[in-house]
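Okay, so the sequence shown: first residue is 3 according to the numbering used here, each after it adds one.
Working notes, beginning with the structure itself.
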Amino acid sequence: MSVRDITKDLNKLDKQLDALDDALKPLLKALNESASSMLLLDRAKLFTLANYALETLIFAGLRVDGADAMDHPVFKTELMRVKQYFAKIEAVEKPAEAEAATSQQQQPAVRLNTEAATRMIKHGLSDDAALKTKLAEQVAKEKAKAFMRSLGSAKRPLTKDDEPSATPVAAATSQSTNSKTIGDGGELSSGSGVKTKKSKTRSNER
């Protein structure tokens, strides 16, 4: 039985390893040197990705060896911890969306049953007549205030056309004053031509 020549495959693998070595050179040196010139968020991403890559390689090695990798501490502890770091980084990048998603997952939706609350309040107030009367008065006052506000908003605002004009009255007064004149004999004459004698007070004759 002849053996197949794998020289070409080995040469291809050697070239691929050289390319991989060139691509991994920045990561093979100390991460502190690579991350020294990065921003804080980019540095956190680099450390998290490097940790995730190492844990994934260990997980793959366990699967190749036939071990139960799902129950191994690498998966149950380390990979879960790295996923939490990814969630924290995403929360920094998108704070509003992450906060809404976290609160929705952690806190169940709370809804107020208004009908049940009303029944409980009425049942609690049924034994206290004074408090029940006071509450009814307060509700009536609030309804009256709301009614008055609705009436006030329904009224049409007063415009300039609705305001009474004082011009005709002033013109009539001016016309009446100008139409009256005093004659030479002390007689008061109106615009219609009717003359009236002006009342005079005379002293007693000697």
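From the three backbone atoms N, C-alpha and C, an ideal C-beta is built for every residue, glycine too.
These numbers come from a predicted model, not from an experiment.
Counting C-beta atoms within 10 angstroms of its own C-beta, Leu81 has 16 or more neighbours from the protein chains shown and is therefore classed as buried.
Val94 sits close to Leu43, with the two beta carbons spaced by under 8 Å.
Take the alpha-carbon of Pro97 and the one of Asp23: they are about 37 Å apart. Sequence-distant Cβ neighbours of Tyr87 in its own chain, meaning closer than 7 Å and more than five residues away, are Thr50.
When the five nearest sequence neighbours on each side are left out, the beta carbons in the same chain lying within less than 7 Å of the beta carbon of Leu64 are those of Ala71, His74, Val76, in order along the chain. The shortest C-alpha to C-alpha distance from Asn34 to any of Arg45, Ser152, Leu26 is the one to Arg45. Around the C-beta of Val66, fewer than 16 other C-beta atoms lie within 10 Å, and the residue is accordingly described as exposed. Nearest to Glu57 by alpha-carbon distance, out of Ser38, Asp11, Val84, is Val84. When rounded, the separation of the alpha-carbon atoms in Gly68 and Asn13 is 30 Å. For Leu33, the enclosing alpha helix (DSSP H) begins and ends at 33-37. Within the segment 61-102, the complete alpha helix (DSSP H) segments at least 4 residues long are 82-95, listed from N- to C-terminus. Per DSSP, reduced to three states, the secondary structure at Ser4 is coil, with no helix or strand assignment.
A straight line joining the alpha-carbon of Ile91 with that of Lys31 spans about 24 Å.
A straight-line Cα-Cα distance of about 14 Å links Gln18 and Thr9. Going by C-alpha positions, Lys145 is about 10 Å away from Glu139.
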